[in-house]
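Protein chains in written order, with our numbering: chain L, 10 to 318; chain U, 601 to 948.
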Amino acid sequence: MHNVIAFTVFGVDWEFFKPYIVLGLALGGAYALSGVGIVVLYQATGVLNLAFGAVGAAGALICYWILNHTSWPGAVAYASCIAFGAICTFVYGVLLGPAFARRDPLVKMMGTLALALILLGFMAWRAPAGGAFNRVLTLPTSKHRFELAGAVVNWTQVLTLVFAVVLTFGTALFLRHTNLGTAYRAIATDREITATLGVPVRRVEASAWLGSGVVCGTAGLLLADLFTTLDYAALTFLVISSLAAALIGRLRSLTATLIGGLTVGVVQAVLTPYESLTQYRTAAPFVLSIIALLWMGRHREVVFSKTAR
Amino acid sequence: MTPRTLNREVTVRAAVIAALLAVALFVPPAMLGGDWITTLTSVAIYSVVAAGLVVLYGKVGMISLGQVGLLAIGTWTATRLHYLLDLPYPLLMLATGAITCAVGVLIGLPALRLSGLYLALITLMGAGAIDVVLHTLDFPNGGGGFSGHQGIIDPASLQTVQRPSWGTGDTAFYRYVVVICALLFLVALAHFVSKPGRAWAAIRESEPAALAAGVNITLYKMWAFALASFMTGVAGCLLASHFGNPTVGSFPREQSLTLIATALIGGIFTLWGAVIAGVFMMLVPFILQTQWNVDSNWLLIIFGAGLLQVLLTAPGGIAQQLPKDLANLGRLLARPFRRRPSAPEGSA
């Protein structure tokens with residue numbers, strides 16, 4: 010491994026890192042995808058959805074069940090994962106969103122923690138992990154592979170990255186150029202004033218929950234495939250890694266979230282060849298988001314109102 | 601309330617607590633089997649961890665989602681120190697508490713700049729990083745170096761983490777743990793009713809107002825983190841002795857979620873809530889699984905629902921809601937028996 014270190018100190022050896030960067034971009038695409046879903050919902054409703062991973066994992070388990078225990082076509086299974094993500098998130102948002110609307114962002118986040126616990130309980134009860142077999146959810150796109158820059162890539166990875174990029178820029182355009190998007194931005198600035206101006210605040214928020222739920226279901230499906238085994242606990246806690254992308258975007262900027270997600274993925278993958286660091290590479294999202302948080306908090310502010318926190 | 605009645609109230613309260621402590625020390629060992637005693641030991645240990653959250657969130661308003669990570673650090677440190685040095689047990693506890701305290705203050709440093717949501721997130725990220733590091737280092741089992749971990753276990757070097765000399769048996773250790781936990785609760789209580797408690801209350805209500813009143817916010821925030829981490833560290837040391845050979849698997853990731861849920865459900869503003877949290881976290885799953893043969897994963901669902909209820913309607917949790925509800929119930933039951941107030945004479 011010494012030669013690797015020598016190369017990087019005296020000039021980066023791109024040839025060596027190419028395959029890792031390619032793999033890192035695919036992983037980063039998945040982080041960015043979830044990150045964008047989290048940021049849009051946070052901007053529109055003030056809720057940082059920690060149940061994002063749990064909902065996706067539950068959707069993926071439903072998809073797995075349909076694929077393996079029924080004779081329904083695959084498309085129904087994949088659609089049901091996305092539909093579950095959308096319905097579950099939407100129902101939570103419509104039922105409990107208004108109750109939490111005036112509360113502190115911290116309390117709103119704890120509410121989604123409760124949803125995550127409930128889903129974790131259901132998943133642990135109905136689909137206990139471990140045991141004799143591992144659940145594997147393979148999308149049809151994963152069967153087609155090709156070589157890119159020395160790394161074997163499948164179409165799911167390409168799809169994830171493309172979807173992340175399209176989602177980021179699509180959402181940015183949507184926020185800027187549509188009436189609904191303008192309403193989102195208005196609510197993000199001040200919910201009360203937006204309501205006074207005649208915007209149906211609750212309906213707009215419900216649409217944000219629905220949209221975020223669709224992203225959540227899709228991310229669950231893609232991540233379940235990317236992580237080879239369908240482990241609901243791992244998928245649930247993957248939301249913490251995805252949060253890193255959202256935090257690098259300061260929970261505000263979609264482009265920065267995309268870049269953040271890709272950076273986290275690439276850093277994590279590039280650490281793989283270093284013997285002494287490879288086991289710590291999964292800590293990359295945490296370390297990067299801690300740095301991002303410290304950077305965000307570098308100016309000390311005295312906050313006078315509790316709701317502003 | 602005159603000072604005299606206040607004094608009487610305090611005396612009654614102290615007497616009730618002493619009586620409950622005596623019951624906890626002597627009744628379960630006389631009536632219950634060995635597995636109950638080991639479970640109750642965990643209840644006591646985890647209630648101290650929850651008490652750390654009471655200090656941080658209930659008293660100062662700083663949320664930490666990384667307390668289980670800190671507990672794991674305490675357990676790791678105690679195990680490492682056990683293999684490294686031959687310390688008497690109280691010193692081992694103090695040393696573990698001090699080291700965990702240092703780590704906790706380090707994690708708490710950003711709290712000076714961040715509050716609310718962002719502090720919760722940074723502690724969550726810290727816990728995630730701790731989890732990865734502990735999975736890599738693994739728990740010490742008699743090896744050399746910093747980690748003290750050896751891949752191939754040499755049976756000669758494997759020991760169980762020491763227990764106090766007069767608490768080697770399970771029952772004796774249970775009593776020892778209960779006494780230590782009671783002492784830690786007393787330390788926390790002493791903080792609540794004196795100067796730090798008042799400063800914390802001021803910070804919780806309004807940081808600018810506390811600043812204006814001359815409260816040293818930096819000092820008292822760090823103090824809260826130091827106290828909570830010290831308590832968690834000592835709990836980690838007790839947990840190391842309780843397990844004997846702790847492993848990474850002893851700290852499942854969802855435990856940080858269940859800890860915060862049970863602490864809020866039990867009641868985040870009082871130490872009673874911490875005891876209830878310990879019971880919910882350790883005793884209830886045990887009863888469900890071994891006594892009633894119910895899948896304890898149901899509990900996660902109930903914790904989730906309970907957390908929602910606490911957040912929406914009962915911020916004080918069970919510790920504050922139950923006495924209120926019982927009083928209401930008592931009033932409701934007593935109504936038929938109460939004499940109706942007779943109409944004042946001559947009102948017509």
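Backbone N, C-alpha and C fix where the C-beta goes; we use that ideal spot for every residue, glycine too.
ARG307 (chain L), DSSP secondary structure in three states: coil
Alpha-carbon to alpha-carbon, PRO114 (chain L) and LEU302 (chain L): 16 Å
Simplified DSSP state of PHE851 (chain U), which is helix, strand or coil: coil
Touching by the beta-carbon criterion (3+ pairs, under 8 Å), the stretch 26–42 of chain L and the stretch 259–275 of chain L: yes
Simplified DSSP assignment, three categories, for ASN163 (chain L): strand
Residues near ILE202 (chain L) in its chain [Cβ-Cβ closer than 7 Å; skip 5 each side]: Nothing meets the Cβ criterion.
Residues near ALA863 (chain U) in its chain [Cβ-Cβ closer than 6 Å; skip 5 each side]: Within its own chain, the residues whose Cβ lies closer than 6 Å to the Cβ of ALA863 (chain U), once the five positions on either side in sequence are excluded, are ALA650, LEU653, ALA877, listed in chain order.
Contact set between the stretch 709–729 of chain U and chain L, restricted to residues whose Cβ is under 8 Å from the partner: Going along the stretch 709–729 of chain U in chain order, one finds PRO710, LEU712, ARG713, LEU714, SER715, GLY716, LEU717, TYR718, ALA720, LEU721, ILE722, LEU724, MET725, GLY726, GLY728, ALA729 with a Cβ nearer than 8 Å to chain L.
DSSP state of LEU157 (chain L) mapped onto helix, strand, coil: Three-state result, LEU157 (chain L): strand.
Contacts that ALA905 (chain U) makes with chain L (C-beta to C-beta distance below 8 Å): ALA123, ILE127
Chain L contacts made by the stretch 900–934 of chain U, where a contact means CB separation under 7 Å: Cβ contacts with chain L: LEU900, ILE901, PHE903, GLY904, ALA905, LEU907, LEU908, LEU911, LEU912.
Cβ contact (3+ pairs, closer than 8 Å) linking the stretch 674–691 of chain U and the stretch 866–875 of chain U: With a cut-off of 8 Å on Cβ pairs, the stretch 674–691 of chain U is not in contact with the stretch 866–875 of chain U, counting fewer than three such pairs.
Limits of the unbroken alpha helix (DSSP H) element including TRP800 (chain U): 795–805
Where the stretch 89–122 of chain L meets chain U: residues whose CB sits under 9 Å from a CB there: From the stretch 89–122 of chain L, only LEU105, ALA108, PHE109, ARG112, ASP113, PRO114, LEU115, VAL116, LYS117, MET118, MET119, GLY120, LEU122 have a Cβ closer than 9 Å to chain U.
Local conformation of VAL5 (chain L) per DSSP, three classes: Limits of chain L in this structure are 10 at one end and 318 at the other, which puts residue 5 (chain L) out of reach.
Alpha helix (DSSP H) segments (min. 4 residues) lying fully within the stretch 67–136 of chain L: 83–109, 114–135
Neighbour-count burial assignment, LEU50 (chain L), 16 or more Cβ in a 10 Å radius: By the 10 Å Cβ count, LEU50 (chain L) comes out buried.
Through-space distance from ALA919 (chain U) to PHE937 (chain U), alpha-carbon basis: Across the structure, PHE937 (chain U) and ALA919 (chain U) are spaced so that their CA atoms are roughly 29 Å apart.
Distance between beta carbons of GLY222 (chain L) and PHE99 (chain L), contact taken as under 8 Å: About 5 Å separates the two Cβ atoms, so the contact holds.
Own chain, CB closer than 8 Å to TYR289 (chain L), minus 5 neighbours either side, in chain order: LEU280
Under 8 Å (Cβ pairs) to chain C, residues found in the stretch 648–675 of chain U: In the structure shown, chain C does not exist; the protein chains are L and U.
C-alpha distance - GLY661 (chain U) paired with VAL162 (chain L), whole-angstrom precision: Straight across, the Cα-Cα distance linking GLY661 (chain U) with VAL162 (chain L) is about 48 Å.
Per-residue contacts from TRP766 (chain U) into chain L (C-beta, under 9 Å): Correct list: empty, because the minimum Cβ distance to chain L is about 40 Å.
Distance, VAL884 (chain U) Cα to ALA934 (chain U) Cα: Distance between the alpha carbons of ALA934 (chain U) and VAL884 (chain U): 32 Å.
Closer than 8 Å to chain L by CB, VAL733 (chain U): It does: the Cβ of VAL733 (chain U) has a partner Cβ on chain L nearer than 8 Å.
Range of the contiguous alpha helix (DSSP H) that encloses ILE817 (chain U): 817–843
CB of ALA828 (chain U) within 8 Å of CB of VAL655 (chain U), strictly: yes
Close Cβ partners of SER947 (chain U) (< 7 Å) along its chain, the five nearest in sequence each way excluded: Its pLDDT being 49, under 50, SER947 (chain U) is placed unreliably by the model, and nothing is read from it.
Partners in chain L for ALA861 (chain U), counting only beta-carbon separations shorter than 8 Å: LEU122, ALA123, LEU126
8 Å Cβ cutoff, VAL56 (chain L) in contact with chain U: By this cut-off, VAL56 (chain L) is not an interface position.
Separation of GLN277 (chain L) from PHE19 (chain L), as counted between CA atoms: Residue placement at PHE19 (chain L) cannot be trusted, given a pLDDT of 46 that sits under 50; the coordinates are not used to answer.
As assigned by DSSP and simplified to three states, the class of MET881 (chain U): helix
Rounded straight-line distance, which links the Cα of ASN816 (chain U) to that of ILE663 (chain U): 20 Å
ILE30 (chain L) versus LEU235 (chain L): straight-line alpha-carbon distance, rounded: 16 Å
Residues near PHE886 (chain U) in its chain [Cβ-Cβ closer than 7 Å; skip 5 each side]: THR639
VAL103 (chain L) to LEU36 (chain L) span [Cα, whole Å]: 32 Å
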